[in-house]
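Heads up: the structure comes next, in structure tokens.
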Amino acid sequence: MRLDVLYVDGDITTGDPARPRARRLGVLGGRVAGLDDDLDGCTAATVVDLRGAPVVPGFHDAHHHLSMRGQRLRQVDLRVGDLDELYRRVAERASGLAGDAWVLGHGYDQNRLGGHPTRVALDRAAGGRPVWLQHSSGHMGVLSTEGFRRAGFADLDAVPDVPGGHVARDADGRPEGLLAERAQQLAFAVLRPEPFEDWVRGIGLAVDVALSEGITSITEPGIAAGLVANSTADLAAFLTARERGLLRVRATLMPGADALHEAGEVEPGRPWFGLDLGVRTGLGDEWVRIGATKVFSDGSLIGRTAAMCCPYADRPDSSGFLLEDAGELHRRIVAAHAHGWQVATHAIGDAALDVVLDAYEDAQRRFPRPDPRHRVEHAGVASDAQVARLAALGVVPVPQGRFLGEIGDGMLAALGPERARLCYRQKSFLDAGIELPGSSDCPVVEGAPLLGIHDLVNRRTAAGVPFTPEESLTVAQALRAYTYGSAYADHAEHEKGRLARGLLADLVVLGEDLLAVDPAAIDRVPVVATVVGGVPEHGADDLAVS
Ligand SMILES: [Zn+2]
Numbered sequence: 003m004r005l006d007v008l009y010v011d012g013d014i015t016t017g018d019p020a021r022p023r024a025r026r027l028g029v030l031g032g033r034v035a036g037l038d039d040d041l042d043g044c045t046a047a048t049v050v051d052l053r054g055a056p057v058v059p060g061f062h063d064a065h066h067h068l069s070m071r072g073q074r075l076r077q078v079d080l081r082v083g084d085l086d087e088l089y090r091r092v093a094e095r096a097s098g099l100a101g102d103a104w105v106l107g108h109g110y111d112q113n114r115l116g117g118h119p120t121r122v123a124l125d126r127a128a129g130g131r132p133v134w135l136q137h138s139s140g141h142m143g144v145l146s147t148e149g150f151r152r153a154g155f156a157d158l159d160a161v162p163d164v165p166g167g168h169v170a171r172d173a174d175g176r177p178e179g180l181l182a183e184r185a186q187q188l189a190f191a192v193l194r195p196e197p198f199e200d201w202v203r204g205i206g207l208a209v210d211v212a213l214s215e216g217i218t219s220i221t222e223p224g225i226a227a228g229l230v231a232n233s234t235a236d237l238a239a240f241l242t243a244r245e246r247g248l249l250r251v252r253a254t255l256m257p258g259a260d261a262l263h264e265a266g267e268v269e270p271g272r273p274w275f276g277l278d279l280g281v282r283t284g285l286g287d288e289w290v291r292i293g294a295t296k297v298f299s300d301g302s303l304i305g306r307t308a309a310m311c312c313p314y315a316d317r318p319d320s321s322g323f324l325l326e327d328a329g330e331l332h333r334r335i336v337a338a339h340a341h342g343w344q345v346a347t348h349a350i351g352d353a354a355l356d357v358v359l360d361a362y363e364d365a366q367r368r369f370p371r372p373d374p375r376h377r378v379e380h381a382g383v384a385s386d387a388q389v390a391r392l393a394a395l396g397v398v399p400v401p402q403g404r405f406l407g408e409i410g411d412g413m414l415a416a417l418g419p420e421r422a423r424l425c426y427r428q429k430s431f432l433d434a435g436i437e438l439p440g441s442s443d444c445p446v447v448e449g450a451p452l453l454g455i456h457d458l459v460n461r462r463t464a465a466g467v468p469f470t471p472e473e474s475l476t477v478a479q480a481l482r483a484y485t486y487g488s489a490y491a492d493h494a495e496h497e498k499g500r501l502a503r504g505l506l507a508d509l510v511v512l513g514e515d516l517l518a519v520d521p522a523a524i525d526r527v528p529v530v531a532t533v534v535g536g537v538p539e540h541g542a543d544d545l546a547v548s
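If you want this note's numbering, it's the position in the sequence shown, counting the first as 1, plus 2.
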């Protein structure tokens, strides 16, 4: 057999229990043609000598807002330690813009700043320009006075309350600037959609960064509708990026649940619900595929908007809230399930988790189908009983290891010491027999999988506080999560997530052996090259090709 590429002298961890280690890997037509002695007698158009370098399957981030990451790469970076520095960065960006241009920023965290930025201070910093600064969680943001005017509120007293959201107000009832959850729609009404070409370009920018981090697949939660989407044509933006050679990682896309609608009758008396043409989970190819539909049930822990069974430790008057009526949420989930969708519901609080699991259980009871593999995005707080119930229902929780290292201190403050045990569990999920995916929620926190693996193993906050170390994973478990586990969560484990014959030839060449390095130094392991479909898409110059 003549191969397209033959990789030789690699220290390859395959993830395949039938052959866990290999030295040689052959590629034909973008897939793994074989390993080691499968390849005896084969020739190859190209030979890459890995010179003993460690190789693992390509990283798959199971919850990664690639297009939003691209959008933020074009905005002011507000991941700063104090408000003065935040306002300075806003002023700096504003000074380079036309007097009427929007100043857009992202990534601030009021837990680090001591408070949210305010409308009045933004007016000063930006010289009266329209400003919109989004919180690191994406669940809230702050608008300047001119921003409110552009959004249709020249009269600030006319800014309404928004169901499922919160408009922060001063003693006189005037908006302070902060808009939480669905109240962000007041700003999005004027800010979205961004121009299609900007969105396509942003996808390309984010892909370059993702490849440098060893990512070969992402699952994008929420396109086409909802809090994190841009426009109804988001799928077309990904297809256009692919056609232009910009989308060089594989993308599974989750349409936001608001995009699903009554769509005529599929037969007399049987109404259809979903997307036009009967589009649903599973459509697409190995590059761009429709995944689950993304539902939102609640907010975030660090924003104190996740729906909890008990009040927040530092806000005894509040236990968060559901973004819509529990009955409506239930109906939405059951309808999507009944029409063939895998469902992925954002649920961070334990009260939200109960509502979601009730809906998944009811949906499968009324409309049984094999292995729907519904997901709970984040599953930030889960009791022992809820962990067992997730496992029993075959539901995949999608928690984020990196949250601990970047925003874990805020989560500890929100929960208090007793309930911290229930927060962002990992080991408990594995012990319950759940196949755990690896994910970041980038750009909420950094997207690099090696940072995620570092935190899955080390579980320490930014302040250095150990975060329930009994939930730590081994490196091998964390690596499996970021490869096979994420593929499994997409119903794609027969296509990728391991290096075995017939699977996609997606792999990462590392500068050090992840499985042998000091666990405290995982975050410093270099990515040498990232190979997608057998082709080095990052680091080609550092490979010995002949
Ligand atoms: Zn997300």
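Glycine included, every Cβ here is placed at the ideal spot set by N, Cα and C. Note that this is a predicted model, so its numbers are computed, not measured.
Cα separation between Leu158 and Val202?
To locate residue 158, count along the sequence shown from 1; it is residue 156. To locate residue 202, count along the sequence shown from 1; it is residue 200. Note on geometry: alpha-carbon atoms of Leu158 and Val202 lie some 35 Å from one another.
Closest by C-alpha distance to Ala465, when choosing among Ala483, Ala415, His496, Leu432:
By 1-based counting over the sequence shown, the position of residue 465 is 463. Of the candidates Ala483, Ala415, His496, Leu432, the one whose C-alpha sits nearest the C-alpha of Ala465 is Ala415.
Val398 to Gly129 span [Cα, whole Å]
As a working note, residue 398 is residue 396 in the sequence shown. As a working note, residue 129 is residue 127 in the sequence shown. So the two alpha carbons sit approximately 48 Å from each other.
Going by C-alpha to C-alpha distance, which of Tyr426, Ala480, Val192 sits closest to Gly440?
Position 438 of the sequence shown, counted from the start, is the residue given in the question as residue 440. Considering only alpha carbons, the answer is Ala480.
With 16 other Cβ atoms within 10 Å as the buried cut-off, status of Met3
Along the sequence shown, one-based indexing puts residue 3 at 1. Met3 comes out exposed.
Between which two residues does the alpha helix (DSSP H) harbouring Ser69 extend?
Against the sequence shown, residue 69 aligns to sequence position 67. Run containing Ser69: 68-74, per the alpha helix (DSSP H) assignment.
I'd like the list of long-range same chain contacts for Ala390, defined as Cβ closer than 8 Å, with 5 residues on each side in sequence excluded.
Walking along the sequence shown from the start, residue 390 turns up at place 388. If we look at Ala390 and ignore the five residues flanking it on each side, its Cβ neighbours are Ala434.
Between which two residues does the alpha helix (DSSP H) harbouring Ile292 extend?
Position 290 of the sequence shown holds residue 292. Looking at the DSSP string, Ile292 is not in any alpha helix (DSSP H); the run it does join, the beta strand (DSSP E), is 290-292.
Given a cut-off of 8 Å on the beta-carbon distance, is the pair Gly12 and Leu52 in contact?
The residue labelled residue 12 in the question sits at position 10 within the sequence shown. The residue labelled residue 52 in the question sits at position 50 within the sequence shown. Yes; because the gap between Cβ atoms is below 8 Å, this pair is in contact.
In chain order, what residues have a CB nearer than 6 Å to some heavy atom of ligand 1?
His65, His67, Pro223, Asp443
Put Gln112 into one of helix, strand or coil per three-state DSSP.
In the sequence shown, residue 112 corresponds to position 110, counting from 1. Helix at Gln112.
Pick out the complete beta strand (DSSP E) segments inside the region 309-352, 3 residues or longer, and give them in chain order.
345-349
Quick one: is Pro257 buried, meaning 16 or more other Cβ sit within 10 Å of its Cβ, or exposed?
Residue mapping note: residue 257 aligns to position 255 of the sequence shown, counting from 1. Flag for Pro257 reads buried.
Give me the Cα-Cα distance between His332 and Asp360, rounded to the nearest whole angstrom.
Taking the sequence shown and counting its residues from 1, one reaches residue 332 at position 330. Taking the sequence shown and counting its residues from 1, one reaches residue 360 at position 358. Going from the Cα of His332 to the Cα of Asp360 covers about 8 Å.
Taking Cβ positions, are Ala212 and Gly43 nearer each other than 8 Å?
One-based indexing of the sequence shown puts residue 212 at position 210. One-based indexing of the sequence shown puts residue 43 at position 41. No, the Cβ-Cβ distance between Ala212 and Gly43 is not below 8 Å.
Alpha helix (DSSP H) runs wholly inside the region 165-214, at least 4 long, in chain order
As far as the region 165-214 is concerned, its whole alpha helix (DSSP H) runs of at least 4 residues are 187-193, 198-214.
Please identify the residue among Ala494, Pro22, Gly407 whose C-alpha is closest to the C-alpha of Arg375.
Here the question's residue 375 lines up with position 373 in the sequence shown. Of Ala494, Pro22, Gly407, the residue nearest in Cα terms is Ala494.
Note the first and the last residue of the continuous beta strand (DSSP E) segment covering Thr45.
To locate residue 45, count along the sequence shown from 1; it is residue 43. Per DSSP, Thr45 belongs to the beta strand (DSSP E) from 45-51.
Per-residue burial, Thr234 [other beta carbons within 10 Å of its own, 16 or more giving buried]:
Position 232 of the sequence shown, counted from the first residue, corresponds to residue 234. Classification for Thr234: exposed.
DSSP bridge partner residues for Arg462 (one or two, in chain order):
What you label residue 462 is simply residue 460 of the sequence shown in a count that begins at 1. Arg462 pairs with Pro468.
Grab the span of the alpha helix (DSSP H) containing Ser430 for me, first residue to last.
Counting from 1 along the sequence shown, the entry for residue 430 is found at position 428. Its alpha helix (DSSP H) spans residues 429-433.
So for Met3, helix, strand or coil by DSSP?
Reading the sequence shown from its first residue, position 1 is the one you call residue 3. If DSSP states are grouped into helix, strand and coil, Met3 belongs with coil.
Can you name the start and end residues of the beta strand (DSSP E) that Ala265 belongs to?
Against the sequence shown, residue 265 aligns to sequence position 263. It spans 263-269 - the beta strand (DSSP E) in which Ala265 sits, taken as one unbroken run.
Candidates Arg250, Val534, Pro370: which alpha carbon is nearest Ile205's?
For the purposes of this step, residue 205 is identified with residue 203 of the sequence shown, where counting begins at 1. The option with the nearest alpha carbon to Ile205 is Arg250.
Excluding the 5 residues flanking Glu437 on each side, which residues of the same chain have their C-beta closer than 6 Å to its C-beta?
Counting from 1 along the sequence shown, the entry for residue 437 is found at position 435. Cβ within range, chain order: Gly487, Tyr490.
Just checking, does the region 173-193 make contact with the region 14-34 on the three C-beta pairs under 8 Å criterion?
No contact exists between the region 173-193 and the region 14-34.
Under 8 Å between C-beta atoms of Lys498 and Leu505:
Here residue 498 refers to the residue found at position 496 of the sequence shown. Here residue 505 refers to the residue found at position 503 of the sequence shown. Closer than 8 Å, so yes.
Along the beta strand (DSSP E) that carries Arg482, what are the first and last residues, could you check?
As a working note, residue 482 is residue 480 in the sequence shown. Counting along the chain, Arg482 falls outside any beta strand (DSSP E), though it belongs to the alpha helix (DSSP H) covering 477-482.
Are there 16 or more other CB atoms within 10 angstroms of the CB of Glu408, so buried, or fewer, so exposed?
Residue numbering aside, residue 408 sits at position 406 when the sequence shown is read from its first letter. Of the other Cβ atoms in all chains shown, 16 or more fall within 10 Å of the Cβ of Glu408; this residue is therefore buried.
With distances taken Cα to Cα, identify the nearest neighbour of Thr16 among Arg503, Pro528, Asp520.
Here residue 16 corresponds to residue number 14 of the sequence shown, with the count starting at 1. Residue Arg503 is the option with its Cα nearest to Thr16.
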